[in-house]
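*Asks:*
2 protein chains.
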Amino acid sequence: MNKRLVVALSGGVGGAKLALGLSRILPADELLVVANTGDDFEHLGLSISPDIDTLTYTLAGLDNPATGWGRRDETWSFMDSIGALGGEDWFKLGDRDLALHVERTRRLRAGQTLSEVTTDVCRRLGIGARVLPMSDDRVRTRVRSDVGWIDFQDYFVRQQCRPVVHELAFDGVTLARPNADIVAALRSGSVRTVIICPSNPFISVEPILAIPGMRDAMKASNAPIVAVSPIIGGEAVKGPTAKMMRELGLEVSAAAVAARYGDLLDGYIMDDADADGVGTIGARVTIAKTLMKSLDDREALARVTLDAADALASR
Amino acid sequence: MNKRLVVALSGGVGGAKLALGLSRILPADELLVVANTGDDFEHLGLSISPDIDTLTYTLAGLDNPATGWGRRDETWSFMDSIGALGGEDWFKLGDRDLALHVERTRRLRAGQTLSEVTTDVCRRLGIGARVLPMSDDRVRTRVRSDVGWIDFQDYFVRQQCRPVVHELAFDGVTLARPNADIVAALRSGSVRTVIICPSNPFISVEPILAIPGMRDAMKASNAPIVAVSPIIGGEAVKGPTAKMMRELGLEVSAAAVAARYGDLLDGYIMDDADADGVGTIGARVTIAKTLMKSLDDREALARVTLDAADALASR
């Protein structure tokens, strides 16, 4: 079979878990992870790409399982010191993590693209799979909330998701060009499946889908598009997905996430705990254990997802 | 007496020791330290000012007595990580130290001057004395050596002073404007003395003296100009001063340093160990214990230097 490439769309923590599972059961050249960059931002003069970094650290085995972001074996001397100098200290940057932000910022200023930097860093950290930003152009998620329009990291980190969300916008997205390597891969005729990882639909996946040309390229792959529900038992595993759904007037359910993706989906993987919502879902549903606690869980869910995709492809 | 202001020209370690001694025996508003910025450089995209930082950390009690540079209670996670990402790792930046470079770089890019950043950082770290860069314009010390012209930090840190020095140049110095606050202070009529700290003459003091207008302003202060020898017993306490003197064809002696400063000096403080060279020195010589091991040594040498200056003023 020549349709071997798995393309996975991912945000941070939850998506990175499934990406890791996929990376462990697929040959290195059969996985391309498309990273959301809508929550990228500039902080302390540094260019920070939280989802790329979580994916990178997770795939390199450097992630911090306690926090879900940043690096393991981290130290915090920089943060201890920056506040005393008048620097902003609401966004936590570990000393090891900082090396990536400093080096990336240097290279971007020197003219490299975010894709080039990401590819090189992944190579240096021994990651076999490709990780690419959805676009090298600047897209910034903004949140319309009960305290007005605010930047995403202001909402997410500084205000710890406390503001009530009314609307999300992706500044710059209408002018952003999709990453050419991603489009080329999707249109190469060799895509086995496009997987939408169990990430927050509104802030992790929809920025990717909003890039002009991205949905068309996904459809043009002629590969089954399969999403994994980020909602388990009517709640999000981590992060503000459930709160955000409530505030946006949506039911907090796996079925509501599937409805959000609409006819983009061919398949949908959801937990047994949410099985009573199956009836309303247009895509072909696979019921599975979707909570990924162990490494085995990650691999097992990756297998279930690929099996579901392959079953759809052979219909 | 209205001539109360002490202006001290300083490089890094040795100069900072005397500056600390001065800061402990003078009221805060009577000390202005002029910092060499010839060894400033851009590294990993960050603006680094080694002499300002050594002065700042020393005066704030945050210096690392073991290294002579950087901060005490330092950690090195950033350095541990940067090399694996392809970043340059020959210049050691501690995690706490890094906070200053990141915050300074951010502010300089936002349009603040180096003087403004330095003043604010000193205030935040509780330093009473003023520390000001010799100029807010870019001056970069370059070294003509047996391996060609090289940047100062390349010579000093990367190649650990191994190249043989033939000549020093201060790129940008002819266009650099002296720090206006320093000139105003020197011309205010309130200067008690100008002290040239026991720093390397060639790479720490001469960049300051080479700024157009700086020597004139020093002379116009009408205050005694007193230097403290960085050579003790025919050797430098730390750093490449002695090696550099030999390579430049100079005798390694306290007297040769005095000769280098020439008729700029009214007074010269040198160690008893070098007393046999006194006869050749044009300035009024004071013999003192110039090795500063303890805090008491720093204060004592500061007192000797001020006494010598006051004696010259009352002649």
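Order-wise, the sequence lines are chains A and B.
In terms of the numbering used here, the first sequence opens at residue 3 and continues consecutively.
In terms of the numbering used here, the second sequence opens at residue 3 and continues consecutively.
Backbone N, C-alpha and C fix where the C-beta goes; we use that ideal spot for every residue, glycine too.
1. Nearest-angstrom Cα distance between Ser319/B and Tyr59/B?
2. Which partner residues of Ser319/B appear in the DSSP bridge assignment?
3. When the Cα atoms are used, what is the spatial distance from Ala277/A to Ile289/A?
4. Name the chain B residues that come within less than 8 Å of Ile84/A, Cβ to Cβ?
5. Closest to Gly281/B by CA distance: which of Ala225/B, Tyr263/B, Leu266/B and Ala257/B is it?
6. Near Tyr270/A, what residues of its chain come up, given a Cβ to Cβ distance below 6 Å and the 5 sequence neighbours on each side ignored?
7. List the whole-angstrom C-beta distance separating Glu301/B from Gly23/B, where the pair is believed to meet the contact cut-off of C-beta under 8 Å.
8. By DSSP, does Asp99/B sit in helix, in strand, or in coil?
9. Assuming Ser49/A contacts Thr107/A (C-beta within less than 8 Å), just tell me the rounded distance between them.
10. Can you name the start and end residues of the beta strand (DSSP E) that Ser147/A belongs to?
11. Taking only beta carbons into account, state which residues of the segment 146-160 of chain A come closer than 8 Å to chain B, listed in chain order.
12. Could you tell me the distance, in whole angstroms, from the CA atom of Asp10/B to the CA atom of Ala219/B?
13. Restricting to runs no shorter than 4 residues, where is the alpha helix (DSSP H) found entirely within the segment 150-226 of chain B?
14. Using Cβ-Cβ distances below 8 Å, what residues of the segment 18-46 of chain A are close to chain B?
15. Measuring CB to CB, does Ser192/B end up less than 7 Å from Lys19/B?
16. In terms of residues, what are the limits of the alpha helix (DSSP H) holding Asp312/A?
17. Using a Cβ-Cβ cut-off of 7 Å, state whether Asp65/A counts as contacting chain B.
18. Looking at chain B, is there any beta carbon in it that lies within less than 7 Å of the beta carbon of Arg126/A?
19. Is there at least one Cβ from chain A nearer than 7 Å to Thr77/B's Cβ?
20. Tell me whether Arg1/B sits in a helix, a strand or coil according to DSSP, three-state version.
21. Given Arg262/A, which residues of its chain have a CB within under 7 Å of its CB, disregarding the five upstream and five downstream residues?
22. Within a Cβ cutoff of 7 Å, which residues of the same chain sit near Ile213/A, ignoring the five residues on either side of it in sequence?
23. On the DSSP bridge assignment, give the partners of Leu7/A in chain order.
24. I want to see whether chain A comes within less than 7 Å of Arg87/B, judged by CB atoms only; does it?
25. Give the interface partners of Arg108/B over in chain A, defined as CB-CB distance under 7 Å, in chain order.
26. Are Gly14/A and Asp53/A close, meaning C-beta to C-beta below 7 Å?
27. Please name the residue, chosen from Leu293/B, Glu208/B, Ala313/B and Ile234/B, that lies closest to Gly264/B on a Cα-to-Cα basis.
28. Any idea what DSSP makes of Val230/A, helix, strand or coil?
29. Please report the straight-line C-alpha distance between Val123/A and Gly88/B, rounded to a whole angstrom.
30. For Phe80/A, which beta-bridge partners are listed by DSSP?
31. Whose C-alpha, out of Ser83/A, Asp82/A, Gly85/A and Leu64/A, is nearest the C-alpha of Asp75/A?
32. According to DSSP, Ser49/B sits in a beta bridge with which residue or residues?
33. Tell me the DSSP secondary structure of Arg277/B in three-state form.
34. Is Gly269/B helix, strand or coil when you go by DSSP?
35. Does Asp218/B get closer than 7 Å to chain E when you measure Cβ to Cβ?
*Replies:* Concretely, from the data shown:
1. Any answer about residue 319/B is impossible in this case: the structure gives chain B only from 3 up to 317.
2. Outside the displayed span of chain B (3 to 317) sits residue 319/B, for which this structure offers no information.
3. 7 Å
4. Ala101, Val104 and Glu105
5. Ala257/B
6. Ala229, Ala260, Ile283, Ala285 and Val287
7. 5 Å
8. helix
9. 5 Å
10. Arg142 to Ser147
11. none
12. In the sequence as displayed, the identity of residue 10/B is Ala instead of Asp. Answer to the nearest angstrom: the Cα atoms are 13 Å apart.
13. 182-188, 208-212 and 216-222
14. The segment 18-46 of chain A vs chain B, Cβ under 8 Å: Leu46.
15. no
16. Counting along the chain, the unbroken alpha helix (DSSP H) around Asp312/A starts and ends at Leu297 to Ala315.
17. no
18. Arg126/A counts as touching chain B.
19. yes
20. This structure does not reach residue 1/B, given that chain B is present from 3 up to 317, and the question cannot be answered.
21. Pro203
22. Around Ile213/A: Met136, Ser137, Val175, Ala178 and Pro180.
23. DSSP output for Leu7/A lists Val193/A as bridge partner(s).
24. Note that residue 87/B corresponds to Leu in the displayed sequence, not to Arg. Taking a beta-carbon distance threshold of 7 Å, Leu87/B counts as an interface residue toward chain A.
25. Leu46 and Gly47
26. Their beta carbons are under 7 Å apart, which means Gly14/A touches Asp53/A by this criterion.
27. Glu208/B
28. strand
29. 8 Å
30. Assignment of beta-bridge partners to Phe80/A by DSSP yields no partner.
31. Proximity to Asp75/A across Ser83/A, Asp82/A, Gly85/A and Leu64/A peaks at Leu64/A, based on C-alpha coordinates.
32. BP columns for Ser49/B point to Glu44/B.
33. The amino acid occupying residue 277/B in the given sequence is Ala; Arg does not appear at that position. In this structure, Ala277/B counts as helix in the three-state DSSP scheme.
34. strand
35. Absent here is chain E; the protein component of the structure consists of chains A and B.
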